[in-house]
DNA sequence: TATTGTTATACTCTATAACTATA
DNA sequence: TATAGTTATAGAGTATAACAATA
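Chains as they are written, first to last, in this note's numbering: chain A, 47 to 201; chain B, 47 to 201.
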């Protein structure tokens, strides 16, 4: 495998070099993307991590804190402080689970729904894509899901 | 501009939705990429930030700490601790600048060159691209530079 | 025994402000 | 006056370990 078939565009450089280019650009874009999102959610009065937590919650189906930790791929102990902040801001409410009294489910308040919509808007909108034509954008959309095996983690 | 021409793939969703898809995938990929890189440089005995600092240094042209801060897009005060660690590890040496005694230039040692090459290898290599054909990889390489206006910052 | 949420604690990363030595 | 490097300090993010309540 990985035999260097002569492709028109990779002939001179090879797959490894093209891959390095792609990774370098992805790194650059990731930094710009995160910076832009962090600035915008800060303007909404949230810390970046709290904003990501709020965005990950399901307003229609309250989830236990443990589930949120899984969604955010972080330890449960972190969720406590994150939810503390969201609760102080009146965006989330802790409610007991009737079926398992160990659990506390995270209920998004009405105010929380509105801010969560703002966060999602911030995360979706991006000035980063202004330089792409409609066709290029479509190509990119079809190609990116193939990076990192769709939605699977890398290890 | 931005008139909704009926493209084959964007007809049903529109440019905004395609953009949101792209941003969502970029966010996912960015997370996986950073996590993979951070794990690998940690295995090299470096913290992620120290690894990025070492990678940003030029072994052939020692730069002042201030320049490194600019490269990393962070405050100069952070560079002190980063370089402290690299110096303790024997990878970097602080040297006075002959022409301006305020400056301290950052010299990459021989050991530093080797580790820096490892870091670059880690940053370039990635299992994330295994699902792409050579042609898809090439397309991606040609498309990604157009995201975020080439190399320009977003604001 | 195992799990949830919490607390205590520590480390990394980053920023601001003030200090010093130069320019 | 302005700049480079440093120091002190603070806040955010994340991790591990131990605890009480519950399963």
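For glycine and all other residues, C-beta sits at the position ideal for the given N, C-alpha and C.
- Around the Cβ of residue 82 of chain A, a 10 Å sphere holds 16 or more other Cβ atoms; the residue is buried.
- Along the stretch 73 to 99 of chain A, going in chain order, the ones with a CB nearer than 9 Å to a CB of chain B are 73, 74, 75, 76, 77, 78, 79, 80, 81, 82, 83 and 85.
- From the beta-carbon of residue 123 of chain B, no residue of chain A is found nearer than 8 Å; the closest lies around 19 Å away.
- Here residue 99 of chain B is buried, its C-beta having at least 16 other C-beta atoms within 10 Å.
- When the beta-carbon positions are compared, residue 108 of chain A and residue 153 of chain A come within less than 8 Å of each other.
- Around residue 63 of chain A, the same chain offers no residue with a beta carbon nearer than 6 Å, after the five sequence neighbours per side are excluded.
- DSSP, read as helix, strand or coil, puts residue 193 of chain B in coil.
- At a cut-off of 8 Å between beta carbons, residue 67 of chain B contacts chain A.
- By the 16-neighbour rule on beta-carbons within 10 angstroms, residue 96 of chain B is buried.
- One Cα belongs to residue 142 of chain A, the other to residue 111 of chain A, and the distance between them is close to 11 Å.
- Interface annotation, residue 185 of chain B: in contact with chain A, CB-CB separation under 8 Å.
- For residue 116 of chain B, not one C-beta of chain A is nearer than 8 Å to its own C-beta.
- Three or more beta-carbon pairs separated by less than 8 Å are not found between the stretch 170 to 183 of chain A and the stretch 145 to 162 of chain B, which leaves the two stretches without contact.
- Residue 114 of chain B and residue 121 of chain B have their C-alpha atoms some 10 Å from each other.
- Around the beta carbon of residue 123 of chain B, fewer than 16 other beta carbons sit within 10 angstroms, so the residue counts as exposed.
- For residue 119 of chain B, there is no enclosing alpha helix (DSSP H), as DSSP gives it neither H nor E.
- According to the DSSP assignment, residue 159 of chain B belongs to the alpha helix (DSSP H) that extends over 156 to 170.
- Nearest C-alpha to residue 166 of chain A among B/181, B/194 and B/73: B/73.
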